[in-house]
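Structure, as structure tokens:
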Amino acid sequence: MAYNLLKGKKGIIFGALDENSIAWKTAERVHEEGGTFVLTNAPIAMRMGQINALAEKTGSQIIPADATSEEDLQKLVDQSMEILGGKLDFVLHSIGMSINVRKGRHYTDQKYDWTEKGWDVSALSFHKVLQTLYKADALNPWGSIVALTYMAAQRTFPDYNDMADNKAYLESIARSFGYFFGKEKKVRVNTISQSPTPTTAGQGVKGFDGFISYAEKMSPLGNATAQDCADYTVSLFSDLTRKVTMQNLFHDGGFSSTGVSQEIIDEFSE
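Numbering (this note's numbering), first residue to last: 8 to 277.
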């Protein structure tokens with residue numbers, strides 16, 4: 008069901024890879040709610056995914072951009088405003104990558120050039136996006152910027168590896184940059200801490216299937232899906248959340264507030 012929550016609003020969506028990705032689901036929901044946007048991803052990611060199908064479905068243009076490149080980001084912001092006909096109202100940062108995770112390198116045996124690359128892609132890129140938007144004065148007042156994160160930024164999940172550090176850094180950027188964006192531009196900056204979600208990136212984490220089952224049993228409302236997250240993101244892009252900023256918002260069916268569930272107790276009592 009659509010409510011025209013984003014009618015007339017314009018933005019940029021980073022990270023749509025395939026129909027399993029949260030960015031993909033968000034793009035579909037934004038389109039349903041009347042928003043228009045530019046899609047962007049790194050050139051290598053675009054070759055791996057099906058972003059052209061999403062662009063056709065939503066009537067959107069695609070601008071390839073490496074989110075770690077200040078030059079690429081400047082071109083992306085300039086071209087997006089030209090294509091969309093003015094300043095932006097929303098931006099989704101849905102980017103994450105760990106070479107250490109991908110290569111099976113343990114947290115206690117990191118290859119640091121891989122660590123630095125993952126940090127640049129997953130976390131520092133968010134600061135680069137924000138700084139580019141800020142300096143270009145690219146957002147309308149009461150605009151909204153959202154980045155996706157995970158609870159491993161606060162609690163230890165051994166196999167999440169260096170991505171946990173990246174997410175902690177990402178969340179800090181949202182608070183720190185969010186202050187200046189709010190004070191000077193009336194723009195909101197928040198992160199959504201999502202349930203473990205079977206995206207292409209999420210499934211690359213060791214033991215993911217076991218953990219998603221555990222999280223489902225721990226969460227009173229069950230795990231939030233990618234579609235659920237898209238709905239929540241739309242609400243943060245809308246005018247209904249104008250005074251929400253600098254927050255890390257848990258969207259996990261109650262997992263983050265649950266010490267132990269009856270299902271888990273029953274399983275260990277058998």
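Ideal Cβ positions, reconstructed from N, Cα and C, are used throughout, including at glycine.
List the DSSP bridge partners of residue i.
i	result
I152	V98 and V196
L146	L95
H258	Q201
L46	I20 and I69
Among the candidates the options, whose CA atom is the shortest distance from the CA of residue i?
i	options	result
T232	T33, S151, N255 and F21	T33
Q138	V84, G41, L243 and M53	V84
W149	M8, L13 and D169	L13
G214	E123, G111, Q269 and N255	G111
F97	D25, R162, K135 and L140	L140
I19	D259, S276, S101 and P165	S101
Y221	L256, V241, S263 and T248	S263
G56	Q81, S226, S28 and S179	S28
S183	E26, M253, K94 and A49	M253
P50	V37, R36 and I69	I69
Q269	K224, D169 and S76	K224
N11	S276, E39 and A30	E39
S67	T206, G42, R54 and T75	G42
V136	E26, S242, N59 and K82	K82
A154	R54, I106, A175 and E26	A175
I58	M88, V37 and E26	E26
D235	Y119, D259 and V108	D259
A130	V108, D116, G103 and N147	G103
Alpha carbon to alpha carbon, how far is residue i from residue j?
i	j	result
A52	K192	32 angstroms
V196	L99	10 angstroms
L228	E78	43 angstroms
T204	I219	7 angstroms
R162	G185	23 angstroms
Y114	Y167	9 angstroms
E274	G217	14 angstroms
L24	K190	34 angstroms
A72	A160	27 angstroms
L80	N173	20 angstroms
G15	V128	31 angstroms
S242	G93	22 angstroms
N48	S179	23 angstroms
Q117	L247	43 angstroms
Taking residue i and residue j to be in contact with their CB atoms under 8 angstroms, please state how far apart those CB atoms are, rounded to whole angstroms.
i	j	result
T198	A181	5 angstroms
F244	S151	5 angstroms
S200	Y157	6 angstroms
G261	S226	5 angstroms
K17	L91	4 angstroms
F21	A74	6 angstroms
Please decide whether residue i counts as near chain C, where near means a Cβ-Cβ distance under 7 angstroms.
i	result
T122	Among the chains in the structure shown there is no chain C, since it carries only a single protein chain.
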